[in-house]
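Scroll down for the structure; my scribbles are underneath it.
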Amino acid sequence: MAIRHVAFEDLGSLARTLDARGWAVSYCEASTDQLSHYSIRDADLIIVLDGPIGLGDRRAFRFLDSEMHLIERRLARGLPTLGIGLGAQLMAAATGGRVEAGAPTPIGWGEVSLTPEGRRSALAPLGHPGAKVLHWRGDGIELPPGARRLAFDAHRENQAFACGEAGLGLQFHLEADPRGLEEWYVGHAVALAAAGIDVRQLRRQGRNCAMAAGAMAETVFGGWLDARFPEAAAPAGLGPLDRLSA
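Residues in the sequence shown are numbered from 25 upward in steps of one, following my numbering.
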């Protein structure tokens, strides 16, 4: 089950990773669907996607509280939950962390550094030379008690973290593919213009980085999923990168 905030910020390349493992994935809309419904509450896997709002908008968008409650309950039950962008911030806040506005992270492609625990996790490919991810979130995260820091960069101390064995939060994007990013450029046109970002330059960056990021996303997300659902793992003998070219 994928929880979506706007239609164009979807699963992207992560949909292919799930499909290869036989997952039947459906979307629910955070702003209008009943998140306490058993089909969402008890789903084998929940992926909370990004969106153009933040934790500071909770008074205007009360469904953010419902998302936090859902995430908190799932992690308490050990149910696999992945948060991306806004989803990661909701995960942090739901489990006792803090989300604070700060100097915005530049929108665009860049590297992240891994902690020792991050290098032992499914995120290990992000430590390879030249590996880049897409940054598009401005707020910073103070990790909740017991969470394990996995990645950071020059702008944010906490770019990825784990909550127990079930929860993974990513401030950055691996799932964005070149075609889907065209919708991002349109959907975020006002914000990009306000930040003084040239969409043409951002598009060029995306063309150069997104295909490699897609293969890396298969490795990262596939490894994380396979560790939690070994029965749904891809066929033995094929690694994630091998499956892309098989």
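For each residue, glycine too, the CB sits at the ideal point set by N, CA and C. Keep in mind it's a predicted model, so treat the numbers as computed, not measured.
- The three-state reading of DSSP puts residue 78 in coil, since its state is none of H, G, I, E or B.
- In this structure residue 56 is exposed. Its beta-carbon is surrounded by fewer than 16 other beta-carbon atoms within 10 angstroms.
- Residue 231 and residue 138 have their alpha carbons spaced roughly 25 Å apart.
- Residue 257 and residue 107 have their C-alpha atoms some 21 Å from each other.
- With respect to the 8 Å criterion, residue 82 and residue 88 are classified as neighbours on the basis of their beta carbons.
- Shown here for residue 147: same chain residues with a beta carbon closer than 7 Å to its own, the five before and five after excluded, namely 138, 174, 175, 184, 244 in chain order.
- When rounded, the separation of the alpha-carbon atoms in residue 159 and residue 118 is 22 Å.
- With contacts defined by Cβ atoms closer than 8 Å, residue 78 and residue 124 do not form a contacting pair.
- DSSP, read as helix, strand or coil, puts residue 61 in coil.
- It is roughly 6 Å from the alpha-carbon of residue 92 to the alpha-carbon of residue 114.
- The DSSP assignment places complete alpha helix (DSSP H) segments of no fewer than 4 residues inside the stretch 83 to 110 at 87 to 100, in order along the chain.
- Within the stretch 138 to 214, complete alpha helix (DSSP H) segments of at least 4 residues are found at 140 to 143, 202 to 211, given in chain order.
- In its chain, beyond the 5 residues on either side, 75 have a beta carbon closer than 6 Å to the beta carbon of residue 30.
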